[in-house]
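S.K.:
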Amino acid sequence: MEKIIVEGGNKLKGEVNVSLAKNSVLPIIVASILNPNNIVIENAPMLEDVIVLTDLLKSMNCKIENIGEGNLEINTSSLNEINLNSELIRKMRASFLIMGPMLSRFGRCRISMPGGCNIGSRPIDLHLKGFKLLGAEIETEHGYVEAKAKRLKGNRIYLDFPSVGATENILMAAVLAEGTTIIENAAEEPEIWDLANFLNSMGAKIQGAGVGKITIEGVDSLKGISYKPIYDRVEAGTFMVAAAITNSKITINGANEEHLRPTIEKLKECGVKFEIRGKDIITVDGTKLKSPVDIKTLPYPGFPTDMQPQMMALLSVTKGSSIITETVFENRFMHVAELVRMGANIKIDGRTAIIEGVNSLTGCDVKATDLRAGAAMILSGLVAQGRTEISDIYHIDRGYVNIEEKFRGLGANIYRVDK
Ligand code: UD1
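The following block contains the structure:
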């Protein structure tokens, strides 16, 4: 079993290059189903989640080739819509995004229901509500969901909650639908804008992505393109917290200030300083004494739930009381028990965690209970006294490219062992 070992105590310095956003690349790969022409996705991060998704598309008879430096050449012209590999679909929740484009291009899709996951039950009701309003007939039985429609028809769809996945799935379904679709209370995450930008570059007609009300004029066909997705704001944010927690100053290449605004503003409130050095380059100065802060996770542009565990690691060693309220997922505090093992003083009351900053953490055996919880364990390990051994690191590999190498490049003592 592989583990990541962190020997705490080193300060960080220098520069780090952030990869492109996993949460953009996944829907963009899926959206290529809408287009039978050749598409190149530039510099795709070759993460476990990306590999699972490309394997799924390959199992459906799509051609996907890494033509160097993560440039993925995709051709879905001979896609075989029947042959969906349930095992691969169950491996990753994001594969449910396949339904929108499949329904839009083939008028039919049957896939196994995604299960819950360890951060919450994660239902799909909003996805299905959108497909129904676009004219699809939906049947769910024996753990499968099947959607059928001759040709989807545009409609007005109001989402009860601005779900990222539902917005993406409905957006993709509407691209080849007849007429106009309006998605209201749509998610505003930068990855939604990126997906719409990718689709528009291929000839889709989408307006308003990223501002809550998205209008999609259906088109009949799309053209082939080459596209570079946006940088990973969660990876960049993780390095920002790394600078803060180790009292260090580092430069992050591939950090978009606008996309990172909620994280940057919260870190500024803690006492971290930022210098914008050019397009997508930010120097983070975490050398000053930090203050406690209160955080409530919310859909974008609120504070991202995907940065909550990392911020909790920082606040665990920030003198004073901080309160974190998690409103997006119902069970996203599993890292608390691991932080407490390291000496943190955190109490949970429902969806709220009360953190009393301690002087220091001590290294021990901990688990990456989910992807971002795993990042929080690395961050805590960087400041803990002694050695932190992190297990279940397959979660971390789902979302961070070469994480130990990147931290080693900044001067951290971190490595992977197989034991
Ligand atoms: C995406 C991100 C994930 C991030 C999350 C919230 C990807 C691949 N993953 O996940 O990293 O943490 O956004 O920013 O982009 N919900 C419903 N019904 C639905 C759909 C969602 O009730 O039909 C609820 C979920 O249970 C959850 C909340 O909405 O409590 C947010 O989920 P959603 O925005 O859909 O997240 P994902 O797209 O799954």
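Heads up, the final residue of the sequence shown is numbered 419 in full-length UniProt numbering, and it's a clean run with no missing numbers. We put the CB at the ideal spot given by N, CA and C, even for glycine.
#1: Compare the beta carbon distance of E188 and G165 with 9 angstroms and say whether it is the shorter of the two.
#2: Counting only runs that start and end within the region 44-126, where is the alpha helix (DSSP H) found for 4 or more residues in a row?
#3: By how many angstroms is the C-alpha of A375 removed from the C-alpha of I64?
#4: So what does DSSP say about T246, is it helix, strand or coil?
#5: Could you check how far apart the C-beta atoms of I182 and I157 are, in whole angstroms? I think they sit under 8 angstroms.
#6: What are the start and end residues of the beta strand (DSSP E) that includes R398?
#7: Quick one: what's got a C-beta closer than 6 angstroms to C109's C-beta in the same chain, skipping five residues either side?
#8: Which class does V40 belong to by DSSP, given the choice of helix, strand or coil?
#9: What residue range is occupied by the uninterrupted alpha helix (DSSP H) comprising N169?
#10: Write down the C-beta distance between A44 and G70 rounded to the nearest angstrom, noting that I regard them as a contact closer than 8 angstroms.
#11: Quick check for students: name the residue ranges of the beta strand (DSSP E) that lie wholly in the region 366-391, counting only runs of 3 or more.
#12: Near V358, what residues of its chain come up, given a Cβ to Cβ distance below 8 angstroms and the 5 sequence neighbours on each side ignored?
#13: Alpha carbon to alpha carbon, how far is V272 from L361?
#14: Should L314 and K290 be called a contact, given that it needs their Cβ atoms to be closer than 9 angstroms?
#15: Just list the residues that DSSP pairs K278 with in beta bridges.
#16: Does the beta-carbon of Y300, which I'm using as the reference point, lie nearer than 8 angstroms to any heavy atom of the ligand UD1?
#17: Quick test of your reading: I252 and V16, contact by CB under 8 angstroms. State the CB separation rounded to the nearest angstrom.
#18: Under 8 angstroms: does the beta carbon of K22 sit that close to some heavy atom of the ligand UD1?
#19: In chain order, what residues of the same chain have a beta carbon less than 8 angstroms from the beta carbon of V40, not counting five sequence neighbours either side?
#20: Can you check DSSP and say which residues form a bridge with Q207?
#21: What does the Cβ neighbour count give for E330, buried or exposed, with the cut at 16 atoms within 10 Å?
#22: With C-beta atoms as the reference, is S380 less than 9 angstroms away from L339?
#23: Can the beta-carbon of I4 be found closer than 9 angstroms to that of E404?
#24: Is D125 near the ligand UD1, going by C-beta to nearest heavy atom under 8 angstroms?
#25: Looking at the ligand UD1, does it come within less than 8 angstroms of S248, judged from the CB to the closest heavy atom?
#26: Between A136 and the ligand UD1, is the CB less than 8 angstroms from at least one heavy atom?
#27: Given a threshold of 16 other Cβ atoms within 10 Å of its Cβ, counted over all protein chains shown, does T369 qualify as buried or as exposed?
#28: Applying the 10 Å Cβ sphere with the 16-neighbour rule, what's the burial state of S77?
#29: Look at the Cβ atom of I28, then the Cβ atom of P304, and state whether they are nearer than 9 angstroms.
#30: Going by beta-carbon coordinates alone, are D220 and L176 separated by less than 9 angstroms?
#31: Taking only three categories from DSSP, how would you classify L152?
#32: Should E141 be listed as close to the ligand UD1, given that the test is whether its C-beta is under 8 angstroms from any heavy atom?
#33: Identify which residue in L133, L195 and E178 has its Cα closest to the Cα of L97.
#34: Could you tell me the alpha carbon to alpha carbon distance between L410 and K367, rounded to whole angstroms?
#35: Using 8 angstroms as the cut-off, classify the Cβ of V164 as near or not near the heavy atoms of the ligand UD1, replying yes or no.
M.R.: Walking through what the data contain:
#1: Along the sequence shown, one-based indexing puts residue 188 at 188. Along the sequence shown, one-based indexing puts residue 165 at 165. Not closer than 9 angstroms, so no.
#2: 48-59, 86-91 and 99-106
#3: Taking the first residue of the sequence shown as 1, we reach residue 64 at position 64. Taking the first residue of the sequence shown as 1, we reach residue 375 at position 375. Cα-Cα distance, rounded: 30 angstroms.
#4: Numbered from its first residue, the sequence shown carries residue 246 at position 246. Looking at T246 - three-state DSSP - the assignment turns out to be coil, as it is neither helix nor strand.
#5: Here residue 182 is taken as the residue at index 182 of the sequence shown, counted from 1. Here residue 157 is taken as the residue at index 157 of the sequence shown, counted from 1. Sure, about 7 angstroms apart at Cβ, within 8 angstroms.
#6: What you label residue 398 is simply residue 398 of the sequence shown in a count that begins at 1. Premise fails: R398 is in no beta strand (DSSP E) and is neither H nor E.
#7: For the purposes of this step, residue 109 is identified with residue 109 of the sequence shown, where counting begins at 1. Closer than 6 angstroms at the Cβ level, and outside the excluded window around C109, lie M99, M102, L103 and A147.
#8: Against the sequence shown, residue 40 aligns to sequence position 40. Strand, per DSSP.
#9: Walking along the sequence shown from the start, residue 169 turns up at place 169. Looking at the DSSP string, the run of the alpha helix (DSSP H) that includes N169 is V164 to V175.
#10: Your numbering for residue 44 matches position 44 in the sequence shown. Your numbering for residue 70 matches position 70 in the sequence shown. The Cβ separation is near 5 angstroms, so the contact holds.
#11: 387-391
#12: Taking the sequence shown and counting its residues from 1, one reaches residue 358 at position 358. Correct list, in chain order: S316, V317, G343, A344 and N345.
#13: Within the sequence shown, the letter at position 272 stands for residue 272. Within the sequence shown, the letter at position 361 stands for residue 361. So the alpha carbons of these two residues sit roughly 21 angstroms apart.
#14: For the purposes of this step, residue 314 is taken as residue 314 along the sequence shown, with counting starting at 1. For the purposes of this step, residue 290 is taken as residue 290 along the sequence shown, with counting starting at 1. For L314 and K290, yes; Cβs fall inside 9 angstroms.
#15: Within the sequence shown, residue 278 is the residue found at index 278, counting from 1. With the sequence shown as reference, residue 278 is identified as Gly, and Lys is not the correct amino acid for it. In the DSSP output, where bridge partners are listed per residue, G278 has I281.
#16: By one-based count along the sequence shown, residue 300 stands at place 300. Yes, the Cβ of Y300 comes within 8 angstroms of a heavy atom of the ligand UD1.
#17: As a first step, residue 252 is located in the sequence shown; it is residue number 252 there, counting from the start. As a first step, residue 16 is located in the sequence shown; it is residue number 16 there, counting from the start. Between V16 and I252 the Cβ distance is about 6 angstroms, and since that is below 8 angstroms, they are a contact.
#18: Mapped onto the sequence shown, residue 22 falls at position 22. The answer is yes for K22.
#19: Taking the first residue of the sequence shown as position 1, residue 40 is located at position 40. So the list reads I67, N71, L72, E73, I74, I225, S226 and Y227, once near-sequence residues are dropped.
#20: For the purposes of this step, residue 207 is taken as residue 207 along the sequence shown, with counting starting at 1. DSSP output for Q207 lists T215 as bridge partner(s).
#21: Locating residue 330 in the sequence shown gives position 330, counting from the first residue. The residue is exposed, with fewer than 16 neighbouring Cβ atoms inside 10 Å.
#22: For this step, residue 380 is matched to residue 380 along the sequence shown. For this step, residue 339 is matched to residue 339 along the sequence shown. Against a cut-off of 9 angstroms, the Cβ pair of L339 and S380 comes out as a contact.
#23: The residue given as residue 4 occupies position 4 in the sequence shown. The residue given as residue 404 occupies position 404 in the sequence shown. Against a cut-off of 9 angstroms, the Cβ pair of E404 and I4 comes out as a contact.
#24: Looking up residue 125 in the sequence shown gives position 125. D125: yes, Cβ under 8 angstroms from the ligand UD1.
#25: For the purposes of this step, residue 248 is identified with residue 248 of the sequence shown, where counting begins at 1. The answer is no for S248.
#26: Residue numbering aside, residue 136 sits at position 136 when the sequence shown is read from its first letter. Incorrect: A136 has no Cβ contact closer than 8 angstroms to the ligand UD1.
#27: Within the sequence shown, numbered from 1, the residue matching residue 369 stands at position 369. Buried is the call here.
#28: For this step, residue 77 is matched to residue 77 along the sequence shown. When all chains shown are included, S77 counts as exposed.
#29: Along the sequence shown, one-based indexing puts residue 28 at 28. Along the sequence shown, one-based indexing puts residue 304 at 304. No. Outside cutoff.
#30: Taking the first residue of the sequence shown as 1, we reach residue 220 at position 220. Taking the first residue of the sequence shown as 1, we reach residue 176 at position 176. Yes, they are a contact pair.
#31: Within the sequence shown, numbered from 1, the residue matching residue 152 stands at position 152. L152 falls in the coil class under three-state DSSP.
#32: Taking the first residue of the sequence shown as 1, we reach residue 141 at position 141. No.
#33: Your numbering for residue 97 matches position 97 in the sequence shown. The candidate whose alpha carbon is nearest that of L97 is L195.
#34: By one-based count along the sequence shown, residue 410 stands at place 410. By one-based count along the sequence shown, residue 367 stands at place 367. Rounded to whole angstroms, L410 to K367 spans 24 angstroms at the Cα level.
#35: Here residue 164 refers to the residue found at position 164 of the sequence shown. Yes.
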